[in-house]
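A.B. asks: Chains A and P, in that order, are what the protein sequence lines are. Counting in the working numbering, the first sequence runs from 1 upward without gaps. Counting in the working numbering, the second sequence runs from 221 upward without gaps. No residue lacks a Cβ here, since even glycine has one placed at the ideal position from N, Cα and C.
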Amino acid sequence: MSLTFDPTTLAPYLGDLAAGARLSALACALALAGGLALGIVAALMRTSASPLVRRIAGVYADVFRNVPFIVQLFFLFYGLPEIGVELSAFGTGVLALSLAGGAFTSDVIRSGILAVEPGVLEAAQVSGLSRLAIYRRIVLPIALRSAVRPLGSVFVNLILTSSILSAITINELTGSAKIIASDTFQPFEVYALLLLLYAVMTWLVSLSAGALHRHLNRAA
Amino acid sequence: MRYADFTHHDLLLLLQGLGVSVALFVATTIIGSIIGLAWAMLRYYRTPLLAPLAAAVAELLKNSPVLVQLFLVFFGLPVLLETDLTPVQAALITLSGNTAAFVYVIAVSAIESVGREQLETARVFGLSRWQALRRIVAPQAAAFGFGPLAGLLVNQLQVTSLISVIGVVDLTKAGAILNVRTLKPFIVWTVIGVLYYLMARLIARSCARVETRLRAHSQWKGL
């Protein structure tokens, strides 16, 4: 048995890995924006006064949290062209990540909304603010501010989940590592490096989310 | 000419995939829980070197994609150790390790949720560290940690779907096979999704039932 571990031979491939990382970052950033938009809408629906609206948004969150991401991804990747929606693999990947991310985001924002004190809402209503103004100026700022740290962990999960996009031919970070592993015949070194890269990235994200959370929620 | 209709054999394939998914989920949950609890014991007994090492490994496993861990074990380990691993073995190792990391985190925070003074009181009364854990800390920690554990189990069921990528014929792989043959992605992936959804609900439902029983002692029984 010979234990050989030589990561130096990977140096020429660092450029490919960086290109993959850029694609991963782009997919995650787009999915974060999409997930946040979907999550805010779904959270508002889940806290609405109408039981029907609550129900619809509840079903959305329930389904996308309880079905494996890879199944959702394949459903969209193979299913969308069948109904005439032609998206690139990357577009499909971002859409799938946004849909799944939105379900988890709606959970976090919903609990932020429920934590807004009823007295504050009553005061706003009595002051004659319109519903839109109450949402925009009072409910969402409070809910989003207290949700920064949990949103950070949703984003961390999004980054980890984005590795699954390699299953639909997208050469993001994991996809490019797969190619490098088969080129160099050094799968252990490549995937060990990849593991560390993801760990460092997610660690940085949760650190910055924590710092931002403390900054936004500091005692005035 | 391809035969693109659904046959009785497809149902068999689905059932087989379902069986593989459930079996791997159950096996890795049991192995992972044992390893994770053992790691937590290292911390409870404040074992030097091993306790921080367990914490670091758990942190690394928690913060990296399971897919990459799976590739590292399936493609990397055999090259490094010059052995052969079947996809099922690689899946067992990876998923057990991943479950262990999360069980470790849950167990540690559950143990810490029990006040230190209880442990100190037990020690003053002459209980050994093990007796204190067994009689005083563990019952309370179990009730505290069960909620997060239920969430973990639902999540780990979904994680098993990733093993289809290295060629284990689980429920997702069965779906991929049917998808290619029948070219009816909407029906195939909807059926697969519904099956996963029902399993997740089943796990959540049974966990909720056990949790009410664990928390029975602290419930208001009426006067």
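In chain D, which residues lie less than 9 Å from P/GLY296 when you measure between Cβ atoms?
C.D. replies: In the displayed structure, chain D is absent; the protein chains listed are A and P.
A.B. asks: Alpha carbon to alpha carbon, how far is A/ASN66 from P/ARG355? Give it in angstroms, no decimals.
C.D. replies: 36 Å
A.B. asks: Please confirm whether P/TYR264 has its beta-carbon closer than 9 Å to some beta-carbon of chain A.
C.D. replies: no
A.B. asks: Quick check: the Cα distance between A/GLY175 and A/PHE74, rounded to an integer number of angstroms?
C.D. replies: Roughly 16 Å between the two C-alpha positions.
A.B. asks: How would you call P/VAL344, buried or exposed, if buried means at least 16 neighbouring beta carbons within 10 angstroms?
C.D. replies: Residue environment analysis places P/VAL344 among the exposed positions, since fewer than 16 neighbouring C-beta atoms fall within 10 angstroms of its C-beta.
A.B. asks: Following the continuous alpha helix (DSSP H) through P/ASN375, name the residue where it begins and the one where it ends.
C.D. replies: 358 to 379
A.B. asks: Less than 9 Å between CB atoms is the rule here; does A/GLY79 satisfy it with respect to chain P?
C.D. replies: yes
A.B. asks: Using a Cβ-Cβ cut-off of 7 Å (strictly less than) and excluding sequence neighbours within five positions of P/ILE313, which residues of its own chain qualify?
C.D. replies: If we look at P/ILE313 and ignore the five residues flanking it on each side, its Cβ neighbours are VAL293.
A.B. asks: Within 9 Å of any Cβ in chain P, is that where the Cβ of A/PHE155 sits?
C.D. replies: Cβ-Cβ to chain P under 9 Å: no for A/PHE155.
A.B. asks: According to the neighbour-count rule (16 or more other Cβ atoms, all chains shown, within 10 Å of its Cβ), is P/GLY365 buried or exposed?
C.D. replies: buried
A.B. asks: Output needed in chain order: residues of the region 258 to 290 of chain P with a Cβ under 8 Å from some Cβ in chain A.
C.D. replies: GLU279, LEU280, ASN283, SER284, PRO285, VAL286, LEU287, VAL288 and GLN289
A.B. asks: Inspect the beta-carbon positions of P/PHE226 and A/PRO187 and report whether they are closer than 9 Å.
C.D. replies: Against a cut-off of 9 Å, the Cβ pair of A/PRO187 and P/PHE226 comes out as no contact.
A.B. asks: State yes or no: is the beta carbon of A/SER146 nearer than 9 Å to at least one beta carbon in chain P?
C.D. replies: No, A/SER146 lies away from the interface with chain P (no Cβ there is under 9 Å from its Cβ).
A.B. asks: If you pair each beta-carbon of the region 198 to 213 of chain A with each one of the region 303 to 322 of chain P, do three or more pairs fall below 8 Å?
C.D. replies: no
A.B. asks: Tell me the DSSP secondary structure of A/GLU86 in three-state form.
C.D. replies: coil
A.B. asks: Cβ of A/ASN66 less than 9 Å from any chain P Cβ?
C.D. replies: So, interface residue.
A.B. asks: Can you grab the Cα-Cα spacing for the pair P/LEU235 / P/LEU270, in whole Å?
C.D. replies: 42 Å
A.B. asks: Quick one, which of A/ALA199, A/THR169, A/HIS213 and A/HIS215 has its alpha-carbon nearest P/VAL286's?
C.D. replies: A/ALA199
A.B. asks: Listing by chain order, which chain A residues have their CB less than 8 Å from the CB of P/ALA396?
C.D. replies: Correct list: PHE74.
A.B. asks: Can you tell me whether DSSP reads A/SER127 as helix, strand or coil?
C.D. replies: coil
A.B. asks: So for A/THR169, helix, strand or coil by DSSP?
C.D. replies: coil
A.B. asks: Anything in chain P within Cβ reach of A/ALA199, meaning under 7 Å, just list it in chain order.
C.D. replies: LEU280, ASN283 and SER284
A.B. asks: Checking 9 Å against the spacing of the C-beta atoms, do P/LEU244 and P/ILE383 come in under that value?
C.D. replies: yes
A.B. asks: Are any of the Cβ atoms in chain A nearer than 9 Å to that of P/ARG343?
C.D. replies: no
A.B. asks: Taking P/TYR416 as the reference, which of P/PRO272, P/PHE406 and P/GLN378 has the closest Cα?
C.D. replies: Of the listed residues, the one whose Cα sits closest to P/TYR416 is P/GLN378.
A.B. asks: DSSP three-state call for A/PHE185: helix, strand or coil?
C.D. replies: Coil.
A.B. asks: So, does the CB of P/GLY239 fall closer than 9 Å to a CB anywhere in chain A?
C.D. replies: no
A.B. asks: According to DSSP, is P/TYR265 part of a helix, a strand, or is it coil?
C.D. replies: coil
A.B. asks: Answer yes or no: do A/ALA133 and A/ALA123 have a C-beta to C-beta separation smaller than 9 Å?
C.D. replies: no
A.B. asks: Comparing alpha-carbon positions, which option in P/ILE254, P/GLN289 and P/MET261 lies nearest A/LEU197?
C.D. replies: P/GLN289
A.B. asks: Work out the CA separation of P/ALA224 and P/ILE331 for me, nearest whole Å.
C.D. replies: 55 Å
A.B. asks: In chain order, what residues of the same chain have a beta carbon less than 7 Å from the beta carbon of P/ALA278, not counting five sequence neighbours either side?
C.D. replies: TRP259, ALA321, TYR324 and VAL325
A.B. asks: Can you tell me the Cβ-Cβ gap for A/VAL71 and P/THR392, rounded? I've got them flagged as a contact below 8 Å.
C.D. replies: 6 Å
A.B. asks: Short check: CB of P/ARG456 to CB of P/VAL328, under 9 Å?
C.D. replies: In the structure as shown, chain P starts at 221 and stops at 443, and residue 456 of chain P therefore has no counterpart that could be examined.
A.B. asks: What does a CB cutoff of less than 8 Å around A/MET1 pick up in its chain, not counting 5 residues either side in sequence?
C.D. replies: A caution first: A/MET1 carries a pLDDT of 41, below 50, which makes its placement in the model unreliable, though a value can still be read off. None.
A.B. asks: Say whether chain P places a C-beta atom closer than 9 Å to the C-beta of A/SER166.
C.D. replies: yes
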